[in-house]
Every structure is written in C-alpha cells, then in structure tokens.
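Participant: Handing you this structure, nothing more for now.
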Amino acid sequence: MITFRLRLLLAVLLLTGLQAGAQVSTYLFVQDSTTYSPINGMVIGDSLTDDQYFVDTASPLGGPLTSGPGIPIGFTFGYAAGNCDVFGISANGWIGVGSGSVNLSNTAPYFPLSTTAGGNIIAGFARNLAAQDGSRLEYATLGTAPDRVLVVQWTNYRKRGNVGDAFNFQIRLYEGSNNIEFVYGPVSCNINSSFVQVGMIGGNSSDFNLRASLGGGGWTGTVSGVLNSATVTLNQSELPPDGLVFRFGAPPPCTAPPIAGNASASAVSVCPNNFVTVTLQNFSSGPGQSYQWESSTDNLNWSPIVGAISTAWNQTLLATTWFRCVLTCDGQSAASTAAMVGLNEPTLCYCTTNLGGNCDPGSYGFIDLVKITGTPLINDNSGCTGTIGLYYTDYPDTGNYTATLLAGSSYTLTVRSSFNANESVWIDWDRNGTFDVTEWYDLSRSATPNVADSVTITVPGWIIPGRTKMRVRNRLASAPNSAIDACTQMASGETEDYTLTLEDPTRISSFQVGVALELFPNPARQQVELRLPDTFLTGQVEILDFSGRIVFCSRVEKNKEESKLLDVRSLSSGIYVVRLSDQYASRSARLVKSGE
Ligand SMILES: [Ca+2]
Ligand SMILES: [Ca+2]
Ligand SMILES: [Ca+2]
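Positions 1 to 596 (this note's numbering) are the ones given, in order, by the sequence shown.
This is how it looks when you write it as structure tokens:
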C-alpha cells in the first residue's frame, strides 16, 4: 500500500517537473576572478537598443513585449522555477528563465529584483542601460553535454543618456551544477555616480539573493542584501575590476535514499481544542526532495495528511496520534521515526482562570443549588464557596457532585440563585474541551432570588462515552449572559464546574464497560502485567498520571498477546490510571507505582 502510494507520488513529481526548484535565497555566493573571455554569439539588438525585451528568436531587434516563447538555453537549467529550457533578455542588464515560455513582466524594469510582481529574474548589471556606437548584445551556448554553459554578453553598454561609459559583462548559466555567474570585463564610467542591481529572485519577490554595497566598499567588498531593493554603487572609484566573478552556487541536489531523521512534537499531549506542531529533525535535504507527513492512531496503519508537505505541520487531535514524515528523493523514500501526541481528557482543558465574579455575602450573591433530577447530583445550599477574587469552584467527581448521563435520555436541570441573576449552563456534549455556543442553556435572564429555575436537557444520541464537564454561571440580571460567555470575566456572581460521565447504554450492554482491568503486581516497581479482557481485540493502552495527562501509550493486539507487560520504571512513585481502549469501549484500573 505504502509502496504504491510512493510510486504514485513519484509519478506526480516527475509529471510536474519539480525536480529542481531550490529557493535562490539558499544559493551560496562566492567571489572569484578570471580572465574575461568575450564570446562571438548570436547578436541581437543594435546601437539604438535601450529598453527592449528579447523573448522570441523571430524578433532579433526585440521590442516592448515582455512575454513570449523565449530563446532556447540549449540544455536543462535547474532554477527556482523548476527545470528551465528557455530564457529572455532585458536590454537593461538582466535575463529571465522559464519552461516553454518566458515572462519578464516587472513592476521595476530598471531595478528588476525590487519587483512586486513576476519572478525568476537573474540580474548581472541591472539599471536603465542603453546601447551606443560599438555596442553589442549577444548570446551563445558553449561547450558539450553535460558541461554546457549559456553566456549572455553586453559589450560597450552605457547608462542611458550618458556619454563616456563602457560596460562589459556576461551572465553565465551552467549545465549540471545549475550555478550562475556574473563575469565583468573592462568597465569604465563617466563622472555620474549610479547604482545597479546584481543578483536574482526566484519564483516570487520574497525569494531573493542579491549583493549590496557597503559604504565605499566597492565591488570586491559587497555583502548579501537584506532587502530585495539592495543595489551596488557604480562610479569612477567603485567599479568591478576586470575579470571579477560573482558566482551563485545552487545547493547540491538531495541524495537518495534520504536520511529521514525524527519527528518532534511541541507537546507530549494536548487538549482537543489545542494545536500541536510536529517538526522534522536531523534529516538530509536538498533540491528535489519532497516531504509528506503521515498520521496514525495505532503507530501501525498510516495515512498521508493532505497539505502537510513541508518540514513542519500543526493540527488539532481527535485521538492519541502518531506523526511521521516520509521523505522522497529521486524515487527513494524513507520515513522518519514517529512522534506520539496524546489527547488530554477534555476535563483538563477548560478555561478556569480570569473568570471573575463576586459572590461575597453582602455584595451580590451566589449559586445556591445545582441539581440534575434522576441522578445523584444535588449540590444544595452551596453558598459562596469561591474565595475572594476567585469565585470559581471545580467540584470533585464524587458523591453528590457528579452524575452519569445516558445518550438519548432527558433530564431536568435545576439552578437556584441567591439574587436577581442571569443563570447559564454549558455542557460539553462533544467533549472537545470547549463550552461551545451550541452547548449553552439559558435558564433565566432575571431569576427571582432563592427560587429555582429548571430546564430540560437531552443528551445527544451521538455522544462519545467518557467524562466531560458542566459549567454553571450566574451574574447580575443587568449584565446578561449569552452563549459565548462560558469564559468571560464577570464582575458579579459565581462559576461552578461539575464532572459528568456520558455513557451510551447500547454500548454498555454489549461490551461490559464495567469490567475492571486486572493488573499484577499492583503496587508495581518495575513492570506490571495487564490481562487483556476476553472482549478486547485491538486498541491501545495508556497510563495517565494523577492530573490525567498521558505519560505512556502503546498499541495492543489480542492475537499477539494474552497480556501486556508495561515497563513502569520511568514513572515516579504515585497513583496512576491504566486505560485500555478499543473502538467500542474504554476500561481502566488504578495502578500504584511504588518507590525503589
Ligand atoms: Ca534602457
Ligand atoms: Ca455556590
Ligand atoms: Ca464542546
């Protein structure tokens, strides 16, 4: 299955020609010197050439059109645009490359790297240039495969409108290495100081690599430009020396098979409403390499994540999930080691700070009764239990503070306030760790003090069994609650949270959720044996600490083992919950980890 998918991926990559495509910002700059060797190439333009574009061999004098079929490079040249086979020339000292056609449209034709449009531009000496008597603009593809080079050469050009300039330079594109060189011949300049752009942009104006003048540093002391508007100063004291080479080296392509490294997660576990970020580490890279994140809920069966094709990814979770990244280079793939991210109990995930309120006797008032008829939950005459400045109480999941509710059943929920209050209740039916607007009950907008208000609640039939929370809030009637106020900081009243257990009676009857797990020994020091129940087939075992956070998770298959040995040496002493889940039910047992 995986092999088929990777073959498919490879086929797609080949069809879409993504073999090249490195960001030009990753190109390495090297300064060198050589003996300037003018070429005799295909001459285009004439002594009147000024702002012309050359995008079609059928128009050797060029013109204003910025796009066309282009001029053949003569070999495949890998660039940010991918595998390029044609180029076009702007008489103003720059070229553009493309595949099948070229488009030199540009919002800044004289300083083309500053463009806010277009891309794939290579500028050797860009400004408003013009030809003069004795000027030549020509190109040639030299050498033999696989070591050919395209040379585009300007001879005796000048700043437009100036007399006394003689600019000689070449832009060279190399087959195989995909390197780019700017080679400068004899350059002389009249008294007018100016600026040129030297460098390149990739697929868009944010991917650039260009040179910048330091004050007075001249052409042999340029630095990498921080902005795509950077320029190199050109005047009589700052000229490129004859034979100066600026080389921009494309990074070497990826190597097959790639080294996939490891996936690293930003958290061991997250709440249902929080994003987790997974990042690839310790991996080999290079142009031509592709990335595909995959996820799994059992660390065994993997599915690609749509759109997760860079070296990092983030998302929310519906269950404990493993993440890995499959790297592909030249048809060979490798998967990183996986990172597991647990899903926290939703009961750990609610907003519990900055809720405000004020229920001090003598000031506003409090929630004095919460009851769900037909269940043990009745919290009567509770008064104001919150401390001053923190009018929030999270009641324990025991005795009369909790209830088990059945999917599809209806219950009467009753709340009584000690003052003229708004009364709101939220129940996190979908157990996503958030009191959503659809989970709001509006009990009263103006409760009579010490008179109870009731509402009928119906447990949705689709609930996923497990623990969840109910939030009860009141505040002054003059400050109304609405569905969005589950976490609002209030100036009056009280907030009370209760843990509820949601159960699906159709599942309970057939799968015996009540059956406890058997753990031996318990307390345990080094390892504990978990007996797998008869009704269990395939699922996962988790160990949760006292706060409910998952500290261990592993896949379990009944057909491979009758019992599961859990290594608990790394756990600190204390009380834990071991939870065994499959697609139908979750069973748990208390585990005591004893000290050495
Ligand atoms: Ca011009
Ligand atoms: Ca109360
Ligand atoms: Ca919810």
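Using N, Cα and C, we set each Cβ at its ideal position, and we do this for glycine too.
Note down, one range per segment and in chain order, each beta strand (DSSP E) of at least 3 residues found wholly within the stretch 196-268.
Facilitator: 208-212, 232-234, 244-249, 262-265
Participant: Determine the closest residue to Asp619 out of Ala452, Leu327, Tyr157, with distance taken between C-alpha atoms.
Facilitator: The chain is shown from 1 up to 596; residue 619 falls before or after that span and cannot be answered.
Participant: By how many angstroms is the C-alpha of Gly243 removed from the C-alpha of Phe77?
Facilitator: On the sequence shown, position 77 is the one that residue 77 refers to. On the sequence shown, position 243 is the one that residue 243 refers to. Each residue's alpha carbon lies about 24 Å from the other.
Participant: Measuring only from the beta carbon, is Thr393 closer than 7 Å to any heavy atom that is part of ligand 3?
Facilitator: The sequence position of residue 393 within the sequence shown is 393, counting from 1. No, since every heavy atom of ligand 3 falls outside the 7 Å radius drawn around the Cβ of Thr393.
Participant: For Gly539 and Val270, I'd like the C-alpha separation in whole angstroms.
Facilitator: The sequence position of residue 539 within the sequence shown is 539, counting from 1. The sequence position of residue 270 within the sequence shown is 270, counting from 1. One C-alpha to the other measures close to 20 Å.
Participant: What is the C-beta distance between Leu113 and Phe29, in whole angstroms, given that I count them as a contact (C-beta under 8 Å)?
Facilitator: Along the sequence shown, one-based indexing puts residue 113 at 113. Along the sequence shown, one-based indexing puts residue 29 at 29. About 14 Å separates the two Cβ atoms, so there is no contact after all.
Participant: Give me the DSSP bridge partner(s) of Ala421.
Facilitator: The residue given as residue 421 occupies position 421 in the sequence shown. Checking the DSSP bridge columns, you'll see Ala421 partnered with Leu476.
Participant: For Ser213, is the classification buried or exposed, using 16 other Cβ atoms within 10 angstroms of its Cβ as the cut-off for buried?
Facilitator: As a first step, residue 213 is located in the sequence shown; it is residue number 213 there, counting from the start. Ser213 is buried by the Cβ-count criterion.
Participant: Which residue from Phe536, Val437, Tyr392, Ser444 puts its Cα closest to that of Ser417?
Facilitator: Within the sequence shown, the letter at position 417 stands for residue 417. Distance check between Ser417 and each of Phe536, Val437, Tyr392, Ser444 places Ser444 closest, using alpha-carbon atoms only.
Participant: Is it buried or exposed for Ala145, if we count other Cβ within 10 angstroms and need 16 for buried?
Facilitator: Taking the first residue of the sequence shown as 1, we reach residue 145 at position 145. Result: exposed.
Participant: Only counting runs of 3 or more residues, tell me where the beta strand (DSSP E) segments fall wholly within the stretch 393-460, in order along the chain.
Facilitator: 403-406, 410-417, 421-427, 440-444, 453-458
Participant: For the stretch 519-579, which segments carrying the beta strand (DSSP E) assignment without a break, of at least 3 residues, lie completely within its bounds, in sequence order?
Facilitator: 527-531, 538-544, 550-557, 563-567
Participant: Assuming the contact rule is C-beta atoms closer than 8 Å, Tyr53 and Thr66 should be a hit. Round their C-beta distance to whole Å, please.
Facilitator: Translated into positions along the sequence shown, residue 53 becomes position 53. Translated into positions along the sequence shown, residue 66 becomes position 66. With 8 Å as the limit, Tyr53 and Thr66 qualify as a contact, their Cβ atoms being about 5 Å apart.
Participant: Classify Thr458 as buried or exposed, calling it buried when 16 or more other Cβ atoms lie within 10 Å of its own Cβ.
Facilitator: For the purposes of this step, residue 458 is taken as residue 458 along the sequence shown, with counting starting at 1. In this structure Thr458 is exposed. Its beta-carbon is surrounded by fewer than 16 other beta-carbon atoms within 10 angstroms.
Participant: Between Leu390 and Asp380, which are expected to be in contact by the criterion C-beta below 8 Å, what is the C-beta distance as a whole number of angstroms?
Facilitator: Reading the sequence shown from its first residue, position 390 is the one you call residue 390. Reading the sequence shown from its first residue, position 380 is the one you call residue 380. With 8 Å as the limit, Leu390 and Asp380 do not qualify as a contact, their Cβ atoms being about 22 Å apart.
Participant: Is the closest heavy atom of ligand 2 to the C-beta of Thr387 under 7 Å?
Facilitator: Numbered from 1 along the sequence shown, position 387 holds the residue referred to as residue 387. In this structure, ligand 2 has no non-hydrogen atom nearer than 7 Å to the beta-carbon of Thr387.
Participant: From Arg467 to Tyr291, what distance separates their C-alpha atoms?
Facilitator: Here the question's residue 467 lines up with position 467 in the sequence shown. Here the question's residue 291 lines up with position 291 in the sequence shown. Answer to the nearest angstrom: the Cα atoms are 38 Å apart.
Participant: Kindly indicate which three-state DSSP category Ser509 falls into: helix, strand or coil?
Facilitator: If you number the sequence shown from 1, residue 509 lands on position 509. Bear in mind that a pLDDT of 37 at Ser509, under 50, signals an unreliable position, so the number given afterwards is only what the model happens to contain. In the structure shown, Ser509 sits in a helix (DSSP, three-state: H, G or I).
Participant: Between the Cα of Ala22 and the Cα atoms of Asp485, Ile44, Asp147, Asn83, which residue gives the shortest distance?
Facilitator: For the purposes of this step, residue 22 is taken as residue 22 along the sequence shown, with counting starting at 1. Nearest of Asp485, Ile44, Asp147, Asn83 to Ala22, Cα basis: Asn83.
Participant: Considering only residues of the same chain and omitting the five flanking positions on each side of Pro162, which have a CB-CB separation below 7 Å?
Facilitator: By one-based count along the sequence shown, residue 162 stands at place 162. Residue identity differs from the one stated: residue 162 is Asn in this sequence, not Pro. Same-chain partners within the cutoff: Asn190, Asn192.
Participant: Roughly how many angstroms separate the alpha carbons of Val415 and Lys371, rounded to a whole number?
Facilitator: Your numbering for residue 415 matches position 415 in the sequence shown. Your numbering for residue 371 matches position 371 in the sequence shown. When rounded, the distance between both Cα atoms is 7 Å.
Participant: Cβ of Gly383 versus every heavy atom of ligand 2: is any distance shorter than 7 Å?
Facilitator: Taking the first residue of the sequence shown as position 1, residue 383 is located at position 383. Within the cutoff, so yes.
Participant: For Leu280, which of helix, strand or coil comes out of DSSP?
Facilitator: Here residue 280 refers to the residue found at position 280 when the sequence shown is read from its first residue. DSSP places Leu280 within a strand segment (E or B) once states are collapsed to three.
Participant: Taking only heavy atoms of ligand 5 into account, decide whether any of them is closer than 7 Å to the Cβ of Asp51.
Facilitator: For the structure depicted, ligand 5 is absent and the ligand set comprises only ligand 1, ligand 2 and ligand 3.
Participant: Count the other CB atoms, across all protein chains shown, that sit within 10 Å of the CB of Asn354; report buried if there are 16 or more and exposed otherwise.
Facilitator: In the sequence shown, the residue the question calls residue 354 occupies position 354. The residue in question, Asn354, is exposed, as its Cβ has fewer than 16 Cβ neighbours within 10 Å.
Participant: Quick one: what does DSSP say Thr598 is sitting in, helix, strand or coil?
Facilitator: The question about residue 598 has no answer, for the chain in this structure spans 1 to 596.
Participant: At a cut-off of 7 Å, would you count Asn432 as near ligand 3, judging by its Cβ distance to the nearest heavy atom?
Facilitator: For this step, residue 432 is matched to residue 432 along the sequence shown. Asn432 Cβ: within cutoff of ligand 3.
Participant: Excluding the 5 residues preceding and the 5 following Ala589 in the sequence, name in chain order all residues of the same chain whose CB lies nearer than 6 Å to its CB.
Facilitator: The residue given as residue 589 occupies position 589 in the sequence shown. Answer for Ala589: Ala516, Leu517, Leu519, Val578, listed in chain order.
Participant: Closer than 6 Å by C-beta to Phe75: which residues in its own chain qualify, once you throw out the five before and the five after it? Chain order, please.
Facilitator: Here the question's residue 75 lines up with position 75 in the sequence shown. Correct list, in chain order: Arg148, Glu175.
Participant: Mapping DSSP to helix, strand and coil, what is Phe167?
Facilitator: The residue given as residue 167 occupies position 167 in the sequence shown. The answer is strand: DSSP assigns Phe167 an E or B state.
Participant: Helix, strand or coil for Leu113 per DSSP?
Facilitator: Translated into positions along the sequence shown, residue 113 becomes position 113. Residue state, collapsed to three classes: helix.
Participant: When you measure from the CB of Ile378 to every non-hydrogen atom of ligand 2, does any distance come out below 7 Å?
Facilitator: In the sequence shown, the residue the question calls residue 378 occupies position 378. Ile378: no, Cβ never under 7 Å from ligand 2.
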